[in-house]
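Colleague: Residue numbers (full-length UniProt numbering): 1 to 695.
C-beta: ideal position from N, C-alpha, C; glycine also.
Bear in mind the structure is a predicted one, so any value in this text is a computation, not a measurement.
Below is one structure. I have some questions about it.
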Ligand code: 9MJ
């Protein structure tokens, strides 16, 4: 790599004698990065770094026009057509927008001043009306509709020729396949295909769990998804769309619509079913553009998708025509950037953190960098697999991404920066918080602390889970109180909850006597529970409510579950090897058995005995729907009772529903039951049914 590409030293002065060599080096570097980005879907440098080198090349070529060649990255818009996707020539070229790299207010002022100058306006003329839009960070798409039907979707490619990705775009639910009557017979809608951050995070989480390839950022994931040859893969990677422009359009048979303004066009697209971003607004003059830039910038983190700037467009389509184009860029629009969300920095060390569920996460300690609008000193490395896959070692220069309010993450290593031998990172064998063994289950990507409740890092989460409504249902024991109790060391294990007294509660800040009494009453009440609830409350990995019910039904008594072998556990409905092992491991820990014994000693109790004896399965095979508010039973209690008798409790009424149990303010489900002739019971009727005397 050439010297000037070193991020951490000042750019070397351009050697006048060797511009050709320098230009070649810059081009080679840019081409390599572009190949990694576009073809391999594996970016190795932050965009800002690519842009910086691109500008360096531009400046050098401007100084030496004789050295400009058509194959230079500056002369060609990247977006090579991939093998396997058919090329599509755009009837109207797809423009790119000139980007102001200036992130300050002056960007908007400079644009407004230029537009006014080019239109020959003076200070005496009124302010220009613009449309201000977020700049979505996805990939540009042209959607062609003929007679109201989507017939083709094409990527931008080099602006003249893109790729046919119709088969994939059809999987995007936000893109209408048919349009309402009366739309122009030929309509090309342009916009951005992108991936929402939550969808991106979920996708990467899934990939990590399955040991698959993770994506650097939502744009990269979206681009990869759109350019698949197999649309089944695209369909598994949720994409979204925003419309922001038009390509070719013919007026409808009735002659319309002929738009006067960009804003009017966007509103019409919206009325035809295309998503248009809510932030899009009219802004008059430079002042309002600056205000928009600041306002959207301030809410950038809270948006559910990445934006890398805002776009200003002259609103009047006549003025747009007057202004025209400069090569591929319209003179009537400009993109105004925000600070980069990806940046390069150095890893100074790797620590591990213990999460609330015991997951051990390696965290990179970074040389501080300003990214996504804040200074970042730590970034997650997710797990050991990710570290190995990315080849991250202490001292490496890495790309850090911080977008939205998600935790900053290391997304890749910049190659060629390591100077000497650095040992590979190793997971500690003991939890740094509690000293318990750290393990990784077979087939799992994450390491975990086995300390459970003994690990202070996991205590709060375990207590909140125990107290949850669907578990022990301890009303009033929420986030804040648990924080206080654990931080003050009043509660270390679950049984401590039942040893709480009025004095220790009142001693907590902002705890009045009345509230303390309520908490104690709720604790007392929770002691009468059911076996499924108790099992679920223990927080055994992989044991959710349904599994807890299955276990209780199968074994009847807790001691049988605690002593069951993996083989015996496997005989339970829906219990597979992973769940069986998790249950076995949980009850093998002496401290977990101790917790169970102490809870019982504190008075926690439930009806035991083989379920078949306690509640005959008189509703086996029946489906029941609950609706409205019952006079005495909570919905959960009614559900528990029905399920204990073998019924399946469903959420909606169909012909297959056996009974609907309706209370006060029962709504559409009751109506549906009556329409379908499904028997409707009140609470008393349900209890009668359960007692074996009913309907
Ligand atoms: C993006 N990327 O959000 C345009 N864009 O308009 C918006 N891109 C654009 N407009 C004309 N909001 C060409 C590209």
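1) Could you please go through the chain and list the residues whose beta-carbon is closer than 6 Å to any non-hydrogen atom of the ligand 9MJ?
2) Roughly how far, in whole angstroms, is the beta-carbon of residue 111 from the beta-carbon of residue 334, given that I think they are within contact range, below 8 Å?
3) Beta-carbon within less than 8 Å of residue 498's beta-carbon, same chain only, minus the 5 sequence neighbours each way: which residues are those?
4) Could I get the ranges of all uninterrupted beta strand (DSSP E) runs contained in the segment 282-328, with 3 residues as the minimum, in chain order?
5) Could you tell me which residues DSSP pairs with residue 450 in its beta bridges?
6) Which runs of the alpha helix (DSSP H) spanning at least 4 residues fall entirely within the segment 95-149, listed in chain order?
7) Taking residue 473 as the reference, give the member of 85, 496, 450, 533 with the closest Cα.
8) Quick check: residue 664 and residue 628, are their CB atoms within less than 7 Å of each other?
9) On the CB-based measure, 16 or more other CB atoms within 10 Å of its CB, does residue 370 come out buried or exposed?
10) Decide if residue 401 is buried, meaning its Cβ has at least 16 other Cβ atoms within 10 Å, or exposed.
11) Does DSSP classify residue 78 as helix, strand or coil?
12) Going along the chain, which residues of its own chain have a beta-carbon closer than 6 Å to the beta-carbon of residue 238, five neighbours each way excluded?
13) Nearest to residue 560 by CA position, among 535, 175, 341, is which residue?
14) Is residue 79 buried or exposed, if buried means 16 or more other CB atoms sit within 10 Å of its CB?
15) Note down, in chain order, each residue of its chain lying with its Cβ closer than 6 Å to the Cβ of residue 77, except the 5 sequence neighbours on either side.
16) Is residue 429 near residue 438, with beta carbons less than 7 Å apart?
17) As a quick exercise: from 74, 51, 154, pick the residue whose alpha carbon is nearest that of residue 86.
18) Tell me whether the segment 239-247 and the segment 274-294 touch, counting them as touching only if at least three CB pairs, one residue from each stretch, are closer than 8 Å.
19) Taking DSSP as the reference, what is the three-state secondary structure of residue 376?
20) Can you tell which of 27, 378, 92, 33 has its C-alpha closest to the C-alpha of residue 70?
21) How many angstroms separate the CA atom of residue 123 from the CA atom of residue 397?
22) Whose C-beta lies closer than 7 Å to the C-beta of residue 613 among residues of the same chain, with five residues either side of it excluded?
23) Going by DSSP, name the residue or residues bridged to residue 87.
24) What is the DSSP secondary structure of residue 152, reduced to helix, strand or coil?
25) For residue 3, does the three-state DSSP call read helix, strand or coil?
26) Look at the alpha carbon of residue 564 and the alpha carbon of residue 590, and state the distance between them as a whole number of angstroms.
27) For the putative contact between residue 626 and residue 596, defined by C-beta atoms under 8 Å, what is the C-beta separation to the nearest angstrom?
28) Ignore the nearest five residues each way along the sequence and tell me which others in residue 581's own chain have a CB closer than 7 Å to its CB.
Modeller: On the basis of the coordinates in this document:
1) My final list is 95, 97, 133, 135, 136, 192, 244, 245, 311, 333.
2) Translated into positions along the chain shown, residue 111 becomes position 111. Translated into positions along the chain shown, residue 334 becomes position 334. About 4 Å separates the two Cβ atoms, so the contact holds.
3) Counting from 1 along the chain shown, the entry for residue 498 is found at position 498. Answer for residue 498: 523, 527, 599, 602, 603, 604, listed in chain order.
4) 307-314
5) Here residue 450 refers to the residue found at position 450 of the chain shown. Looking at the DSSP assignment, residue 450 forms no beta bridge with any residue, so it has no partner.
6) Given a length threshold of 4 residues, each whole run of the alpha helix (DSSP H) inside the segment 95-149 is given here in chain order: 106-118.
7) As a working mapping, residue 473 is identified with position 473 in the chain shown. Comparing Cα-Cα distances from residue 473 to each of 85, 496, 450, 533, the minimum goes to 533.
8) Translated into positions along the chain shown, residue 664 becomes position 664. Translated into positions along the chain shown, residue 628 becomes position 628. Contact: yes.
9) Taking the chain shown and counting its residues from 1, one reaches residue 370 at position 370. Counting Cβ neighbours within 10 Å, residue 370 comes out exposed, since fewer than 16 surround it.
10) The residue labelled residue 401 in the question sits at position 401 within the chain shown. Result: buried.
11) One-based indexing of the chain shown puts residue 78 at position 78. Below a pLDDT of 50, predicted positions are generally treated as unreliable, and residue 78, at 41, falls in that range; no measurement from the model is reported.
12) Position 238 of the chain shown holds residue 238. Counting only Cβ-Cβ distances below 6 Å, and skipping sequence neighbours, we find 199.
13) Position 560 of the chain shown, counted from the first residue, corresponds to residue 560. Selected option, being the one with the closest Cα: 535.
14) In the chain shown, the residue the question calls residue 79 occupies position 79. Legend: pLDDT at residue 79 = 42, less than 50; position of this residue unreliable, value from coordinates given subsequently. A residue is called buried once 16 or more other Cβ atoms fall within 10 Å of its Cβ, and residue 79 is buried on that count.
15) As a working mapping, residue 77 is identified with position 77 in the chain shown. Unreliable positioning characterises residue 77 in this predicted model, as indicated by a pLDDT of 44, which lies under 50. The coordinate reading is nonetheless provided below. The residues 158, 159, in chain order, have a CB closer than 6 Å to that of residue 77 in the same chain once the five nearest residues on each side in sequence are set aside.
16) Position 429 of the chain shown, counted from the first residue, corresponds to residue 429. Position 438 of the chain shown, counted from the first residue, corresponds to residue 438. Contact: yes.
17) Walking along the chain shown from the start, residue 86 turns up at place 86. Nearest to residue 86 by C-alpha distance, out of 74, 51, 154, is 154.
18) Contact between the segment 239-247 and the segment 274-294 is present, because at least three Cβ pairs lie under 8 Å.
19) Indexing the chain shown from 1 puts residue 376 at position 376. Of the three classes helix, strand and coil, the one that applies to residue 376 here is strand, per DSSP.
20) In the chain shown, residue 70 corresponds to position 70, counting from 1. Nearest option by C-alpha distance: 27.
21) Here residue 123 is taken as the residue at index 123 of the chain shown, counted from 1. Here residue 397 is taken as the residue at index 397 of the chain shown, counted from 1. Approximately 50 Å, taken between the alpha carbons.
22) Here the question's residue 613 lines up with position 613 in the chain shown. Note that residue 613 scores 46 on pLDDT, short of 50, meaning its location in the model is unreliable; the coordinates nonetheless yield the value given after this. Answer for residue 613: no residue qualifies.
23) In the chain shown, residue 87 corresponds to position 87, counting from 1. Note: residue 87 sits in a beta bridge opposite 163.
24) As a position in the chain shown, residue 152 is number 152, starting the count at 1. In the structure shown, residue 152 sits in a strand (DSSP, three-state: E or B).
25) The residue given as residue 3 occupies position 3 in the chain shown. Because the pLDDT at residue 3 is just 32, under 50, the model does not fix this residue reliably, and the value given afterwards should be weighed accordingly. DSSP places residue 3 in helix when its eight states are reduced to three.
26) The count along the chain shown starts at 1 and reaches residue 564 at position 564. The count along the chain shown starts at 1 and reaches residue 590 at position 590. If I take the Cα positions, the gap works out to 15 Å.
27) Taking the chain shown and counting its residues from 1, one reaches residue 626 at position 626. Taking the chain shown and counting its residues from 1, one reaches residue 596 at position 596. About 32 Å; that fails the 8 Å criterion.
28) By one-based count along the chain shown, residue 581 stands at place 581. Counting only Cβ-Cβ distances below 7 Å, and skipping sequence neighbours, we find 566.
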